[in-house]
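> Residue numbers (the working numbering), protein chains in the order written: chain A, 1 to 359; chain B, 1001 to 1365.
If you scroll down you'll find the structure; I have some questions about it.
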């Protein structure tokens, strides 16, 4: 990989717990966790920071957590709800890049190497994503920004919660050298202990290790150890997901008057949307066009239309419908398309016009 | 009835005739072949009531005249499996047919020749002599565009048109159309008939020389005959679309391209087109044709081909199979593609004076 990549790792803070606290703010200041019940020999999946002060942590049996913290409130796991939030997060990611690799419901790698947003500043893109998640979903995420997946992931943990850390190309060497070997994904307590006994506690120690020795001890993992110890990781961000929608939106610094000023913004937004449709060659999959409007009171409305080529006329009509719903100034405008997973009726073979068909 | 013939002499007409015989028949006798001996001339007849084929071959002297029907497929299989240069002795005795070759003996069931149906024939209206190669070319260049089992039954066949001394064949399935006109003039009156799909394909198999063939066109049949065979097909009773109205007239954008290069580029992009719809996207800009295909697996093919094109930019979709069919039957180094817009028919032809025209409707992408 000759050119430097810009990778962002996004990791939500106590994801399950954060969603439950969002929906029930009374939980925020109390020790709280999400997980299975003590009777059912359940374990905790996530806990908030007050709970952590009692030594409670995720993967701990719920019964044990109660012993440490008798006042702990435990809510059952509600995966469908978390999945919904995960989809919302993903929709936000998609406004910034197409190259997204979800790792779990609350974690994803984003490759923004080709992005021109914020003058190509990955750090500012990460800030914008975090800000948008905070205002739209009302949970916090942390971000790590660097030149590969390994460093981005390590960095996202650095200023948790609700923080971000950038490891610039210049800093990579020093940053990695000081890392404990335990920070390398794949190095668990056992491997860390083995490495420690061999005299390797930090990545800088590993750099001086003889490859032969490591190979004998760790087999094929040795190569990864050496690579990571130098801060190297060539794995691409794998996007396997099929895109379901594509949108661009803009929050205006000053609310727009409900009317012509909104229509004036359409051509610019559409240009941006078109550019992204063309880049992804998504035009054949367009099923619906939609307009999203957020009014000054933060209420949001979406107007959709099927069977469209997503033209300016379509969006003008959709916008008119949407604006008519509230007599309020507009804070945010978004244009989008919903995409079909396949190319169904879009391949329509036209018939020859023969006189037999005329009547 | 009795005759003797070499395996090689019998197998050729027998194969042709058996081709007409459908494997699955409602009438048992239709799976039989009719054998008729008069002097030294053996005639073999197969029919499916729509298409009838009589093949003729000379047998050695000393036979006994007569006629009989035997199972076509079995007789073909027996003769095929015999060693080369086998001499076949055929005889009929008390309702059974006997095939003897070397030390092999095969006894076949028979049905009386009197029960064998013949295709009803109307009087011939037009007769013309034409080289087999001419008819063969007309069929080869157009047959692929015939419809198959279309409810518009008149499309499940091919138009043969005689007009002002010119012989022409046209086929269309409603999405594309193929037209080829014979260069040689014929002296005959006008006629326009539709030969059913099977008749076209069987006739094409018969034609393999430059020798002439006599075509007789009646009101409900067509016959093609020479020394070796007589082919008769019923006609499709219907009105073929007025194909001239389908030919694009306002196609003002002209592309000239290398036929083989285009064919290869389309063949490659087709691999990643949607298997069901086979759509490819053609993007035309100055002297460049950009061909792309996508499939539901999100795979993509793109080929950029240099062409002669000076019109405005145009993007149009096609079923790549339709384009490949045309590029496969055309010859000559260069082809011309004429278009007007992404929703109107395109015309394909040889860039130099050709005898064939192809119309293909686009796909809406």
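For each residue, glycine too, the CB sits at the ideal point set by N, CA and C.
Quantities reported herein were computed from a predicted structural model and do not represent experimental measurements.
Residue ranges of each alpha helix (DSSP H) run of no fewer than 4 residues wholly in the segment 1317-1365 of chain B, ordered along the chain?
For the segment 1317-1365 of chain B, whole alpha helix (DSSP H) runs of length 4 or above, ordered along the chain, are 1320-1329.
> Determine, for residue 1241 of chain B, whether the minimum Cβ-Cβ distance to residues of chain C falls below 9 Å.
Protein chains A and B are contained in the structure displayed, whereas chain C is not.
> Just confirm the distance between the C-beta atoms of residue 1011 of chain B and residue 1080 of chain B, as a whole number of angstroms; I'd bet it's less than 8 Å.
Residue numbering aside, residue 1011 of chain B sits at position 11 when the second chain is read from its first letter. Residue numbering aside, residue 1080 of chain B sits at position 80 when the second chain is read from its first letter. Going by Cβ atoms, the distance from residue 1011 of chain B to residue 1080 of chain B rounds to 7 Å, so yes, they are a contact pair.
> Can you list the residues of chain B that residue 348 of chain A reaches, using a CB-CB cut of under 8 Å?
Against the first chain, residue 348 of chain A aligns to sequence position 348. The contacting residues are 1363 and 1364.
> I'd like to know whether the C-beta of residue 353 of chain A is nearer than 9 Å to at least one C-beta of chain B.
As a position in the first chain, residue 353 of chain A is number 353, starting the count at 1. Judged by the 9 Å Cβ criterion, residue 353 of chain A is in contact with chain B.
> Look at the alpha carbon of residue 227 of chain A and the alpha carbon of residue 166 of chain A, and state the distance between them as a whole number of angstroms.
Indexing the first chain from 1 puts residue 227 of chain A at position 227. Indexing the first chain from 1 puts residue 166 of chain A at position 166. About 20 Å.
> What three-state label does DSSP hand residue 1 of chain A in the structure shown?
Counting from 1 along the first chain, the entry for residue 1 of chain A is found at position 1. Residue confidence for residue 1 of chain A is low, a pLDDT of 42 falling below 50, so the modelled location carries little weight; the figure read from the coordinates is stated next. In this structure, residue 1 of chain A counts as coil in the three-state DSSP scheme.
> Would you kindly check if the distance between the Cβ of residue 45 of chain A and the Cβ of residue 18 of chain A is under 9 Å?
Locating residue 18 of chain A in the first chain gives position 18, where the first residue counts as 1. Locating residue 45 of chain A in the first chain gives position 45, where the first residue counts as 1. No; because the gap between Cβ atoms is not below 9 Å, this pair is not in contact.
> Less than 6 Å between C-beta atoms, sequence neighbours within five positions excluded: which residues of the same chain meet that for residue 1270 of chain B?
On the second chain, residue 1270 of chain B is found 270 positions in, with the first residue counted as 1. These residues qualify, in order along the chain: 1320.
> Looking at the C-beta of residue 279 of chain A, does it have a partner C-beta in chain B at a distance below 9 Å?
Translated into the one-based positions of the first chain, residue 279 of chain A becomes position 279. Not an interface residue.
> Comparing alpha-carbon positions, which option in B:1008, B:1059 and B:1189 lies nearest residue 1163 of chain B?
Counted from its first residue, the second chain places residue 1163 of chain B at position 163. Among B:1008, B:1059 and B:1189, the Cα nearest to that of residue 1163 of chain B is on B:1189.
> Helix, strand or coil for residue 73 of chain A, going by three-state DSSP, please let me know.
Residue mapping note: residue 73 of chain A aligns to position 73 of the first chain, counting from 1. If DSSP states are grouped into helix, strand and coil, residue 73 of chain A belongs with the strands.
> When the Cα atoms are used, what is the spatial distance from residue 1244 of chain B to residue 1287 of chain B?
Along the second chain, read from residue 1 onward, the residue named residue 1244 of chain B stands at position 244. Along the second chain, read from residue 1 onward, the residue named residue 1287 of chain B stands at position 287. Spanning the two alpha carbons is a distance of roughly 30 Å.
> Is there contact here, the segment 278-294 of chain A with the segment 309-319 of chain A, by at least three beta-carbon pairs under 8 Å?
At 8 Å Cβ cutoff, the stretches touch.
> Given this structure, state the Cα-to-Cα distance separating residue 244 of chain A from residue 1291 of chain B, to the nearest angstrom.
Walking along the first chain from the start, residue 244 of chain A turns up at place 244. Walking along the second chain from the start, residue 1291 of chain B turns up at place 291. Each residue's Cα considered, the two are about 25 Å apart.
> So what does residue 205 of chain A bridge to, in DSSP terms?
Taking the first residue of the first chain as position 1, residue 205 of chain A is located at position 205. In the DSSP output, where bridge partners are listed per residue, residue 205 of chain A has none listed.
> With a cut-off of 9 Å, does the C-beta of residue 1309 of chain B fall near any C-beta of chain A?
Along the second chain, one-based indexing puts residue 1309 of chain B at 309. Not closer than 9 Å to any Cβ of chain A, the Cβ of residue 1309 of chain B fails to qualify, so no.
> Relative to the alpha-carbon of residue 1263 of chain B, which residue among B:1313, B:1331 and B:1314 has its alpha-carbon at the smallest distance?
One-based indexing of the second chain puts residue 1263 of chain B at position 263. Of the listed residues, the one whose Cα sits closest to residue 1263 of chain B is B:1331.
> Tell me, please, whether the CB atom of residue 108 of chain A is closer than 9 Å to any CB atom in chain B?
The sequence position of residue 108 of chain A within the first chain is 108, counting from 1. By this cut-off, residue 108 of chain A is not an interface position.
> For residue 1041 of chain B, write down the residues that DSSP places opposite it in a beta bridge.
The residue you call residue 1041 of chain B lines up with position 41 of the second chain. Answer is B:1038 and B:1058, bridged to residue 1041 of chain B.
> Return the residue from the list B:1007, B:1175 and B:1074 that minimises the CA-CA distance to residue 1019 of chain B.
Within the second chain, the letter at position 19 stands for residue 1019 of chain B. That would be B:1074, whose Cα lies nearest to the Cα of residue 1019 of chain B.
> So, helix, strand or coil for residue 397 of chain A, using DSSP?
Outside the shown range of chain A, which is 1 to 359, sits residue 397 of chain A, and nothing can be said about it.
> With a CB to CB cut of under 8 Å and the five nearest residues on each side skipped, what residues in its chain are close to residue 1082 of chain B?
For this step, residue 1082 of chain B is matched to residue 82 along the second chain. Cβ neighbours of residue 1082 of chain B beyond the five flanking positions: 1007, 1088, 1101, 1102 and 1104.
> Is there a C-beta anywhere in chain B that falls below 9 Å from the one on residue 283 of chain A?
Residue mapping note: residue 283 of chain A aligns to position 283 of the first chain, counting from 1. Yes, its Cβ sits closer than 9 Å to a Cβ of chain B.
> Using a beta-carbon distance below 9 Å, is residue 359 of chain A in contact with chain B?
In the first chain, counting from the first residue as 1, residue 359 of chain A sits at position 359. Here the model assigns residue 359 of chain A a pLDDT of 34, short of 50, so the residue's position is not dependable and the matter cannot be decided.
> Using a C-beta cutoff of 9 Å, does residue 1345 of chain B count as contacting chain A?
Position 345 of the second chain, counted from the start, is the residue given in the question as residue 1345 of chain B. Closer than 9 Å: yes.
> What residue range does the alpha helix (DSSP H) around residue 50 of chain A cover?
Locating residue 50 of chain A in the first chain gives position 50, where the first residue counts as 1. 49-52 is the extent of the alpha helix (DSSP H) around residue 50 of chain A.
> DSSP on residue 1244 of chain B, reduced to helix/strand/coil?
As a working note, residue 1244 of chain B is residue 244 in the second chain. Correct three-state label for residue 1244 of chain B: helix.
> When the Cα atoms are used, what is the spatial distance from residue 1156 of chain B to residue 1346 of chain B?
Counting from one through the second chain, the residue named residue 1156 of chain B turns up at place 156. Counting from one through the second chain, the residue named residue 1346 of chain B turns up at place 346. Approximately 22 Å between the Cα atoms of the pair.
> Quick check on residue 1203 of chain B - is its C-beta less than 9 Å from some C-beta in chain A?
Working through the second chain from its first residue, we reach residue 1203 of chain B at position 203. No, its Cβ sits nowhere closer than 9 Å to a Cβ of chain A.
> For residue 1328 of chain B and residue 1265 of chain B, what's the separation of their Cα atoms in angstroms?
Your numbering for residue 1328 of chain B matches position 328 in the second chain. Your numbering for residue 1265 of chain B matches position 265 in the second chain. Answer to the nearest angstrom: the Cα atoms are 13 Å apart.
> Thinking residue 1240 of chain B and residue 1195 of chain B are a contact (beta carbons under 8 Å), I'd like their distance in whole angstroms, please.
Reading the second chain from its first residue, position 240 is the one you call residue 1240 of chain B. Reading the second chain from its first residue, position 195 is the one you call residue 1195 of chain B. Not quite, the Cβ-Cβ distance comes to about 11 Å (not below 8 Å), so this is no contact.
> Give the interface partners of residue 1300 of chain B over in chain A, defined as CB-CB distance under 9 Å, in chain order.
Here residue 1300 of chain B refers to the residue found at position 300 when the second chain is read from its first residue. Neighbours of residue 1300 of chain B on chain A, chain order: 281.
> Going along the chain, which residues of the segment 1328-1362 of chain B sit with their C-beta nearer than 7 Å to a C-beta in chain A?
For the segment 1328-1362 of chain B, which is checked against every Cβ of chain A, the residues closer than 7 Å are 1343, 1345, 1359, 1361 and 1362.
> Which one of A:261, A:146, A:97 and A:311 has the shortest CA to CA distance from residue 276 of chain A?
As a working mapping, residue 276 of chain A is identified with position 276 in the first chain. Checking every option, the nearest Cα to that of residue 276 of chain A belongs to A:97.
> Taking 8 Å as the cut-off, is the C-beta of residue 1330 of chain B nearer than that to any heavy atom in the ligand SAM?
As for the ligand SAM, it is missing from this structure, which has no ligand bound.
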